[in-house]
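Chemist: Take a look at this one; I'll ask things after.
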Amino acid sequence: MFAKQNRWKPYIIVAVAAILLISIVIFLGIRSNSEVKDIVEQQFTSQQLLLNKQISRGIEVFLNEKVLLIEIIAKQESQIPPDNFTSHFKTIYEKSSGFYAIQFINESGTVVAGYPEENLPLGYNLYENNQSFAFEKVQKEKETYITGGVQMFEEELGSFIWVPVFHEGKFKGTILSIIKVSDVTDRFLKNYASQGHVYLIDKYGMLLYDSSPELQIGENDFYLVNESNLLHTSIIQEQINCTEGSGKYFKIFENGTGEERIITYSSIGWHNQKWSVGLTNPVSDVNSLIHSVYIKQGVFIGMSGILILAGSVWTILLFMKWNKTLEKEVISKTHEIKQSNELLQSANIKLKEHDKLKSEFVSIVSHELRTPLTAMKTSAEFLKDDNCDSSVRLEMLDLIIRNIDRQTRMVSDLLDISRIESGRIKFNSEITNLSEVVNWSIKNVDTISKEKGITIDVNFPKDLPSIKTDKDKLIQVFVNLLNNAMKFTPQGGNITISSVESDNFIEVRIKDNGIGIAPDLLNRIFDKFYQIDSTSTRKVGGSGLGLAITKGIIEGQGGSIRVESMQGEGSVFIFTLVK
Ligand code: ADP
């Protein structure tokens with residue numbers, strides 16, 4: 289459970305780090321977005337204000353120029369009587385566009401001259417028509433006076449410029465020039481309708497121009513406190529009071545919906561009049577500008593996210609790969625440890641067996657060495673007795689000799705195996721006739737074969753070639769194998785020695801019909817000191833070295849030895865000799 293948790297730990301860390309990074313990128317993106325929105329809005333507003341100021345200055349110069357021109361004429365007292373004004377009015381009217389009419393009103397308030405004639409109400413008396421307010425005001429204050437948007441005729445607003453004329457300190461009348469507001473707005477505002485919603489108001493809030501068709505020019509809608517449009521109304525009041533500024537308001541449409549708008553305003557000052565140009569745009573226009581920035585930011589955030597994700601996935605895959613390699617290594621190391629454990633175990637088993645064999649060997653060797661000694665001692669006791677019969681004496685001597693031979697064999701077996709194991713064994717090489725060797729060997733086991741009534745058949749091909757080998761050691765091999773065959777074959781058994789020749793080898797087979805060997809022990813019997821039955825009840829003698837020595841002699845001269853056997857049916861020992 290703990291190991292499992294640890295395994296997922298790096299992936300969890302990487303995933304959390306990736307989520308954190310993505311969140312940071314998104315957070316920074318959103319934060320910079322709102323900053324960008326503010327900045328773009330501010331820049332847009334200041335640009336609109338600049339534009340607004342340019343428009344206002346244009347109108348201001350235009351209007352003030354008109355006043356100045358009229359004031360200059362008014363100062364030229366020599367032009368009086370009024371008829372002389374007319375030619376000047378004509379020149380101004382034609383050279384300086386924007387006048388609707390320029391007329392002279394005499395001291396009694398009657399229009400007596402002017403230009404153009406078609407726009408002149410000649411003979412019109414202000415007093416008679418109750419319109420003498422401005423006329424009296426300029427006479428009294430001796431200063432130019434301008435009346436605001438005056439409804440002249442249907443849907444036309446005009447601005448009246450009253451300039452008093454004095455001659456030698458005496459009031460002679462006024463020059464009244466009329467400017468059509470639409471002339472001014474057509475000239476200066478119409479073109480800017482594409483830049484947003486443009487409007488013009490006077491100092492009372494009366495609408496002089498509106499680029500949208502919604503509002504009626506000349507009406508004072510702005511000034512009316514409209515609850516639903518309170519914000520705009522308050523801005524209009526600000527606009528009337530201040531020279532310039534900007535802000536935001538929420539415009540409500542007739543259908544109840546609405547939108548947020550940016551507004552800038554800038555005033556036009558001419559004498560006692562003050563007009564103000566307003567320019568408004570929906571905030572959504574600015575937003576569309578910002579959206580392109582957002583899209584770029586979105587792409588950036590998306591790309592960053594993808595990159596972070598890809599990086600994380602790559603890191604996790606790398607971790608997984610490392611993990612897999614590590615797992616594989618652990619598995620292979622575990623396997624190696626298991627194998628070496630198994631090896632150690634089998635080595636341990638072998639060591640134990642070896643130890644067992646050793647102790648068995650000690651007991652066998654002591655038995656093999658002591659038995660002849662006991663026999664020899666008993667025989668010697670007999671020989672000491674003078675009354676001993678000569679035939680018994682001979683038998684005893686025979687017994688002593690046999691036991692000496694037995695001990696000698698034992699000792700020479702021990703010496704042989706030690707030589708084989710240390711590689712000190714030496715082989716003589718002499719031409720050897722195999723049949724001869726076999727005959728010698730059979731003779732060697734003659735006594736025992738007769739005792740047990742075991743027949744030995746030799747089945748050699750007549751043309752069997754002689755070979756170069758160590759003859760004595762080959763005899764030792766045959767004697768060992770024949771002795772074993774005798775030992776493990778019951779009375780009246782049979783042994784067959786046969787041989788087959790091949791290109792490089794002569795193969796010899798020694799077959800008995802004795803007790804046979806269990807299949808699992810076939811390889812063990814060639815180990816030194818190994819005896820299938822090593823108990824004290826074992827009837828046959830032997831040290832367990834015979835087959836080890838035989839194998840050493842055969843393999844030492846380039847041959848090989850193996851055994852085939854069926855338990856209870858007999859064994860065949862097969863060995864090869866190099867030709
Ligand atoms: P030993 O001196 O005990 O005969 P060997 O090395 O010659 O020792 O033989 C090892 C063992 O192999 C014997 O103890 C015996 O159990 C078995 N063995 C050898 N030859 C034969 C055979 N021909 N038939 C059955 N068992 C045999």
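Sequential numbering of the sequence shown, starting at 289, is according to our numbering. Glycine is no exception: its CB is placed at the ideal position from the N, C-alpha and C atoms.
Helix, strand or coil: which one does DSSP assign to Ser710?
Modeler: Helix.
Chemist: Please report the straight-line C-alpha distance between Ser700 and Thr777, rounded to a whole angstrom.
Modeler: Each residue's Cα considered, the two are about 25 Å apart.
Chemist: Counting pairs of beta carbons, one from the region 746-753 and one from the region 709-726, are three or more of them closer than 8 Å?
Modeler: At 8 Å Cβ cutoff, the stretches touch.
Chemist: Taking its Cβ as the centre, do 16 or more other Cβ atoms sit within 10 Å of Ala401, making it buried, or is it exposed?
Modeler: With 16 or more other Cβ atoms within 10 Å, it is buried.
Chemist: Under the rule that 16 or more other beta-carbon atoms within 10 Å means buried, what is Thr743, buried or exposed?
Modeler: Flag for Thr743 reads exposed.
Chemist: Can the beta-carbon of Trp558 be found less than 8 Å from the beta-carbon of Leu496?
Modeler: No, they are not a contact pair.
Chemist: Where does Glu515 land, buried or exposed, given buried means 16+ other C-beta within 10 angstroms?
Modeler: With a pLDDT of 40 at Glu515, under the threshold of 50, the predicted position of this residue should be treated as unreliable, and no value is reported.
Chemist: Counting C-beta neighbours from all protein chains within 10 Å, is the total for Ala773 16 or more, i.e. buried, or is it exposed?
Modeler: Flag for Ala773 reads buried.
Chemist: Going by the beta-carbon positions, is the gap between Ala806 and Gln764 smaller than 8 Å?
Modeler: Not a contact, by the Cβ cut-off of 8 Å.
Chemist: Determine which residues share a DSSP beta bridge with Pro452 and list them.
Modeler: DSSP, once it has assigned bridges, lists Thr462 as partnering Pro452.
Chemist: Put Lys297 into one of helix, strand or coil per three-state DSSP.
Modeler: If DSSP states are grouped into helix, strand and coil, Lys297 belongs with the helices.
Chemist: Can you tell me whether DSSP reads Glu515 as helix, strand or coil?
Modeler: Only weak support exists for where Glu515 lies, its pLDDT of 40 falling under 50; the value from the coordinates is given anyway. Helix at Glu515.
Chemist: Quick one: using the 10 Å Cβ neighbour count with 16 as the cut-off for buried, is Pro409 buried or exposed?
Modeler: It counts as exposed.
Chemist: Based on the DSSP secondary-structure assignment, which residues constitute the bridge partners of Lys468?
Modeler: Per DSSP, Gly446.
Chemist: Could you give the distance in angstroms between the alpha-carbon of Phe588 and the alpha-carbon of Gly566?
Modeler: Phe588 and Gly566: Cα-Cα distance of roughly 39 Å.
Chemist: Can you tell me which of Asp745, Asn771 and Tyr480 puts its alpha carbon nearest to the alpha carbon of Ile736?
Modeler: Nearest option by C-alpha distance: Asn771.
Chemist: Looking only at its chain, what residues have a beta carbon closer than 7 Å to the beta carbon of Ile314, apart from the 5 residues adjacent to it on each side?
Modeler: The residues are Ile589.
Chemist: Starting from Gln439, follow its DSSP beta bridges and name the residues at the other end.
Modeler: Answer by DSSP bridge pairing, in chain order: Leu445.
Chemist: For Glu444 and Lys460, which I take to be in contact (beta-carbon distance under 8 Å), what is that distance rounded to the nearest angstrom?
Modeler: That pair is no contact at about 30 Å.
Chemist: Along the chain, where does the beta strand (DSSP E) containing Val796 start, and where does it finish?
Modeler: First-last of the beta strand (DSSP E) with Val796: Phe793 to Asp800.
Chemist: Considering only the alpha carbon of each residue, which of Asn575, Leu833, Val304 and Ile528 lies closest to Asp326?
Modeler: It is Asn575.
Chemist: Grab me the residues of Phe814's own chain with a C-beta within less than 7 Å of its C-beta, minus the 5 sequence neighbours each way, in chain order.
Modeler: Hits under 7 Å: Leu835, Ala836 and Lys839.
Chemist: When we look at the beta-carbon of Phe290 and count the other beta-carbons within 10 Å, is it buried (16 or more) or exposed?
Modeler: Here Phe290 scores only 44 on pLDDT, less than 50, and its place in the model should not be relied on; the value that follows carries that caveat. So Phe290 ends up on the exposed side.
Chemist: Taking the straight line between their C-alpha atoms, what separation do you get for Asn727 and Leu671?
Modeler: Roughly 36 Å between the two C-alpha positions.
Chemist: Tell me the residue span of the beta strand (DSSP E) that contains Val788.
Modeler: Val788 -> beta strand (DSSP E) spans Asn782 to Glu789.
Chemist: To the nearest angstrom, how far is it from the Cα of Leu809 to the Cα of Ser853?
Modeler: Each residue's Cα considered, the two are about 10 Å apart.
Chemist: By the three-class DSSP mapping on this structure, what secondary structure does Gln585 have?
Modeler: Of the three classes helix, strand and coil, the one that applies to Gln585 here is helix, per DSSP.
Chemist: Please identify the residue among Phe392, Ile783 and Ile550 whose C-alpha is closest to the C-alpha of Asp800.
Modeler: Asp800 has its Cα closest to that of Ile783, out of Phe392, Ile783 and Ile550.
Chemist: On the CB-based measure, 16 or more other CB atoms within 10 Å of its CB, does Met684 come out buried or exposed?
Modeler: The residue in question, Met684, is buried, as its Cβ has 16 or more Cβ neighbours within 10 Å.
Chemist: Going by other Cβ atoms of all chains shown within 10 Å of its Cβ, with 16 needed for buried, is Gly546 buried or exposed?
Modeler: By the 10 Å Cβ count, Gly546 comes out exposed.
Chemist: Which residues in the same chain as Ile794 place their Cβ atom closer than 8 Å to its Cβ, once the five residues preceding and following it in sequence are excluded?
Modeler: Contacts found: Leu722, Leu752, Pro753, Ile755, Ser787, Val788, Thr864, Leu865 and Lys867.
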